[in-house]
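Residue numbers (the working numbering): 1334 to 1761. Note that beta-carbon positions come from the ideal geometry of N, C-alpha and C, so glycine has one too.
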Ligand SMILES: Cc1cc2nc3c(=O)[nH]c(=O)nc-3n(C[C@H](O)[C@H](O)[C@H](O)COP(=O)(O)OP(=O)(O)OC[C@H]3O[C@@H](n4cnc5c(N)ncnc54)[C@H](O)[C@@H]3O)c2cc1C
């Protein structure tokens, strides 16, 4: 059985940074990612608050560094299933999903993608755009290896015929592979996911097109996004009067997300600023309960948005509905005026979805989690990246909503703790 100093589970920005830190110290790392590319959620962001740096300009070099590092081995399309401690060490079970493409021979030429006749909803674009049934996951994906989606493929064989490699890289009968590896330590960087669009029925009933999620807005704003501009999903027109609904799915007991998702105020302000730059004549309003600008430079960022003419209204949005022309009517309760219900109309609405755990780290590694499934910070004040099991650490949003600054800081801390355990705990 192959052995590593550390298995890092999840190759978002937290996992990549943890792996790079360990690799730079000479430790052998296996970085496992369940998706077809490393990069996690950050690679799909447009720009990042509070600096407004282009997100992929930060993430792509990290992806490249991790993938070229002598001490880091990467397994994509591979899900970590279980982590079991045996003595001071760990057995990690993995499931490598079939890509239906040979990773060793595919040259990433995209000829299969060009001839594929099937269009499906693009996961990376958060369903704002489309992809082929066989494709490279996105332009800057690592590795640049195609993946075939068996649910949409109609097995016409055109990709096989177009594949220029010898032998052919398309392998229709590829099967999942179960693997087991050993490690001296494990870092859980399993990240986050967002609440489903229809989690709150008062906002979404099913047919609304012009009420979109925060992540869909990220893709519409991204220079590499599906259209290169922000347009209303219902008719492709540029919106003229846009609303951001903060705490749409957070701090709300009625939908089981009573906690603050921490980044929504800031990413909504960021998106409003980017939108104002892209569509200077657009009217932009943020409906908020409180603005939580907690990080360094964040309050100033918020004030800059106000100075740009973005409106901030302290209100709770009670209900939303969309008419046949795609206009969204919102019933709001203005907190700072009479509190009486008011009706407002917008032609595009962006919901700040709540943040949920991206996996079930508790089930996977038998570690303690909180009631929402995020990893428990057992020693929050003096060992913040520790779990209740010695040798298992975490970094990033696996332990709760947080921004990139805190995620990167935790990644360094988790790598240090894992290195200590390898040297003094599990032994080399
Ligand atoms: C709309 C939006 C905008 C944002 N904008 C900003 C911003 O401007 N500035 C900022 O500072 N922060 C922003 N954030 C927050 C930022 O996205 C996060 O802090 C950061 O991406 C967290 O990275 P992560 O590595 O912890 O998680 P993720 O990116 O979720 O990575 C986790 C990875 O683990 C993988 N994984 C999960 N389970 C398994 C398993 N069992 N086996 C193998 N792999 C697994 C997942 O596939 C994923 O790739 C934003 C968040 C949202 C939702």
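(Q) Taking the straight line between their C-alpha atoms, what separation do you get for residue 1400 and residue 1498? (A) 23 Å
**Q.** Distance between residue 1366 and residue 1747 (C-alpha atoms, nearest Å)
**A.** 18 Å
Q) Can the beta-carbon of residue 1754 be found closer than 8 Å to that of residue 1733? A) no
Q) If you draw a straight line from the alpha carbon of residue 1448 to that of residue 1491, how long is it in whole angstroms? A) Their Cα atoms are separated by approximately 6 Å.
**Q.** Cβ neighbour criterion (16 or more within 10 Å) applied to residue 1454
**A.** exposed
**Q.** Spatially closest choice to residue 1625 from 1561, 1584, 1359, by CA coordinates
**A.** Answer by Cα proximity: 1584.
Q) Taking the alpha carbon of residue 1629 as the point to measure from, which residue in 1738, 1538, 1405 has its own alpha carbon closest? A) 1738
Q) For residue 1338, which option in 1422, 1345, 1388, 1408 has the closest C-alpha, if you only look at C-alpha atoms? A) 1422
(Q) Taking only three categories from DSSP, how would you classify residue 1396? (A) helix
Q: Note down the Cα distance separating residue 1518 from residue 1397, rounded to an integer number of angstroms.
A: 24 Å
Q: Could you spell out where the beta strand (DSSP E) holding residue 1434 opens and where it closes?
A: Run containing residue 1434: none; DSSP gives neither H nor E here.
Q | The alpha helix (DSSP H) enclosing residue 1781, as first and last residue numbers | A | Within the shown structure, residues of the chain are numbered from 1334 to 1761, placing residue 1781 beyond reach of any answer.
Q: Helix, strand or coil for residue 1752, going by three-state DSSP, please let me know.
A: helix
Q | alpha helix (DSSP H) runs wholly inside the region 1402-1462, at least 4 long, in chain order | A | 1444-1448, all fully within the region 1402-1462.
Q | DSSP-derived helix/strand/coil call for residue 1390 | A | helix
Q: Could you please give the first and the last residue of the uninterrupted beta strand (DSSP E) stretch that includes residue 1640?
A: No beta strand (DSSP E) holds residue 1640; the alpha helix (DSSP H) holding it covers 1631-1640.
(Q) Less than 7 Å separating the Cβ of residue 1522 from some heavy atom of ligand 1? (A) yes
(Q) Can you find the residues in the same chain that come closer than 8 Å, C-beta to C-beta, to residue 1711, ignoring five residues on each side of it along the sequence? (A) 1701, 1719, 1720, 1721
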